[in-house]
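K.L.:
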Amino acid sequence: MQYRNFGLVNTIEPLKSALRGGFAIPAFNAYNMETITAIISAARLTHSPVIIAISESALKYMGADMLIGMISGAKITPNERIALHLDHGSSVESCMRAIDIGFSSVMLDFSKYDFDDNMTATSDIAKYAHARDVSVESELGQLSGIEDENTHNTKSTYTDPESVAEFVKHTKTDSLAVAIGTSHGAYKRKSPDEKLRFDILQQIQEQIPYTPLVLHGASSIPEFLVNEINEFGGNIKNAMGITPEQLIFAATKTNICKINIDSDLRLATTAAIRKYLSQHPENINPREYLSAGHDMVRNTCIFLIREIFHSNDKI
19 MQYRNFGLVN TIEPLKSALR GGFAIPAFNA YNMETITAII SAARLTHSPV
69 IIAISESALK YMGADMLIGM ISGAKITPNE RIALHLDHGS SVESCMRAID
119 IGFSSVMLDF SKYDFDDNMT ATSDIAKYAH ARDVSVESEL GQLSGIEDEN
169 THNTKSTYTD PESVAEFVKH TKTDSLAVAI GTSHGAYKRK SPDEKLRFDI
219 LQQIQEQIPY TPLVLHGASS IPEFLVNEIN EFGGNIKNAM GITPEQLIFA
269 ATKTNICKIN IDSDLRLATT AAIRKYLSQH PENINPREYL SAGHDMVRNT
319 CIFLIREIFH SNDKI
């Protein structure tokens, strides 16, 4: 099914615009109707391009027909510059299936494999995707942490700047995710002093100055959301994210053109629902507490778009 039938765009031109314009496009992970509509609403209210990122586990949870039905029902238009992106595709076949379903962008994550295997697989999916006008993201270096059964790693390795030019030239990937110290999940830093390796990022940029770069595992883990979850029955301890100052620098002063946000939206959803149910113990109407989660996700996306990514009013 062709993604253009749903008003979607691929990420090639939006990412190039971000590279030229000194901002980053948010890639917000979605898991259900509430998160999808919240992300789209935030994009429309801020006039920001946006990438709706769907992991393989989220796709399994929703089902392909239901996901595409919700995207169709959102009445997206091409001038809104909204992409539907497979996040951390685990195989060439899974990326092909996503393209055939109607995704406009795919990420093949072979970062844990041998460099040559990663390069070969990425080349294969790039050929398939580009023949269908779909964009491709790949990754060099590894991020530690856990998000779901398809996104977890116990070790991390920084991206080798000396390998990126060969990889991009051979694979023809449209964007490259780099490892400079971020990680998946809510526990990204062990101490407030940990900093991203912008020195490595600078070396990467010098090697591939015209390639849009991507930052995964970049949620800021707002303290007020963690506190609210804990206040209303949660048990999240010692969670720390990437500081807003570092994210703003990455988005506006470097070649990072796409920043992935997942954990912040999970926290927003959970905090709002826990608070609502605690304050309304008599309520058994899912529409009301799920609406509270939807609104918190929308407001979180709006804040990130305006204050971190600076992608508002870019369409």
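So for the sequence shown, this note's numbering puts the first residue at 19; every next one is plus one.
Quick reminder that beta carbons are idealized off the backbone N, C-alpha and C, glycines included.
Since the structure is predicted, the reported quantities are computational estimates derived from the model, not experimental observations.
1) Just tell me which of 318, 264, 290 and 29 has its CA closest to the CA of residue 282.
2) Using a threshold of 9 Å, state whether the C-beta atoms of residue 43 and residue 64 are closer than that.
3) Would you mind giving the Cβ-Cβ distance between residue 27 and residue 99, rounded to the nearest angstrom? I have them listed as a contact below 8 Å.
4) Going by DSSP, which residues form a beta bridge with residue 276?
5) Across the stretch 80–89 and the stretch 108–123, are there enough close Cβ pairs to call them in contact, namely three or more that are closer than 8 Å?
6) When the Cα atoms are used, what is the spatial distance from residue 50 to residue 312?
7) Output needed for residue 60: all residues of its chain with C-beta closer than 7 Å, excluding positions within five of it in sequence on either side, in chain order.
8) Under 6 Å Cβ to Cβ from residue 229, same chain only, skipping five residues before and after it: list those, please.
9) Do you know offhand how far residue 263's Cα is from residue 76's?
10) Decide if residue 149 is buried, meaning its Cβ has at least 16 other Cβ atoms within 10 Å, or exposed.
11) Could you check where the alpha helix (DSSP H) with residue 148 kicks off and where it finishes?
12) With a threshold of 6 Å on Cβ separation, who are the neighbours of residue 25 within its own chain once the five nearest residues in sequence on each side are excluded?
13) Check whether the stretch 252–262 touches the stretch 297–304, counting contact only when three or more Cβ pairs, one atom from each stretch, lie closer than 8 Å.
14) Roughly how many angstroms lie between the CA atoms of residue 23 and residue 48, to the nearest whole one?
15) Rank 125, 130 and 136 by C-alpha distance to the C-alpha of residue 276 and give the top, closest one.
16) Between which two residues does the alpha helix (DSSP H) harbouring residue 124 extend?
17) For residue 273, is the classification buried or exposed, using 16 other Cβ atoms within 10 angstroms of its Cβ as the cut-off for buried?
P.N.:
On the basis of the supplied data:
1) 318
2) no
3) 5 Å
4) 43 and 232
5) yes
6) 10 Å
7) 316, 319, 320 and 323
8) 186 and 194
9) 30 Å
10) exposed
11) 133–148
12) 94, 95 and 96
13) no
14) 21 Å
15) 125
16) Element bounds for residue 124: not the alpha helix (DSSP H) but the beta strand (DSSP E), 123–126.
17) buried
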